[in-house]
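Asker: This structure is in structure tokens; I'll ask about it shortly.
Residue numbers (this note's numbering): 31 to 176.
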């Protein structure tokens, strides 16, 4: 008898609630359409801000841009595909500049900093960019003079 009452109670309480695969963190509202995860401190104000804080990504030290380590201990083709889109903050070293890195299935991409700025310059202005072997210096020559 008690189990029938419990089952009935659970069905009645559960029936009135809809379940969504989308989540809002920090608020009791629905997520923005198209977002699986909507992180906000409060509803959007007149300037469309929803928080006074940011997202802190996991900080890791990558040693090889073509390896998932140290994120996974054993690399396989399956987990390389499973981790596509994974983002971390690489703390930086002499070889790999600090910045947000995204795993694309075979390498970590992104980075920002000087490389991103110089990449923008090389794409949009008439210079020939030559990246030196030590990865720290980049020289630019005017194409007309080379």
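All C-beta atoms, glycine included, are put in the ideal place defined by N, C-alpha and C.
Within 10 angstroms of the Cβ of residue 87, are there 16 or more other Cβ atoms? Answer buried if so, exposed if not.
Answerer: Along the chain shown, read from residue 1 onward, the residue named residue 87 stands at position 57. The residue is exposed, with fewer than 16 neighbouring Cβ atoms inside 10 Å.
Asker: Between residue 98 and residue 120, is the Cβ-Cβ spacing less than 8 Å?
Answerer: In the chain shown, residue 98 corresponds to position 68, counting from 1. In the chain shown, residue 120 corresponds to position 90, counting from 1. No, the Cβ-Cβ distance between residue 98 and residue 120 is not below 8 Å.
Asker: Go ahead and pull the three-state DSSP assignment for residue 131.
Answerer: As a first step, residue 131 must be located in the chain shown, where it is residue number 101. Here residue 131 sits in strand by DSSP.
Asker: Thinking C-alpha only, which one of 110, 55, 61 is nearest residue 136?
Answerer: Along the chain shown, read from residue 1 onward, the residue named residue 136 stands at position 106. Nearest C-alpha to residue 136: 110.
Asker: For residue 55, which of helix, strand or coil comes out of DSSP?
Answerer: For the purposes of this step, residue 55 is taken as residue 25 along the chain shown, with counting starting at 1. DSSP places residue 55 in strand when its eight states are reduced to three.
Asker: Return the Cβ separation of residue 133 and residue 115 in integer angstroms, given the expectation that the two are a contact with Cβ distance under 8 Å.
Answerer: Along the chain shown, read from residue 1 onward, the residue named residue 133 stands at position 103. Along the chain shown, read from residue 1 onward, the residue named residue 115 stands at position 85. Under the criterion of beta carbons closer than 8 Å, residue 133 and residue 115 qualify as touching, at roughly 7 Å.
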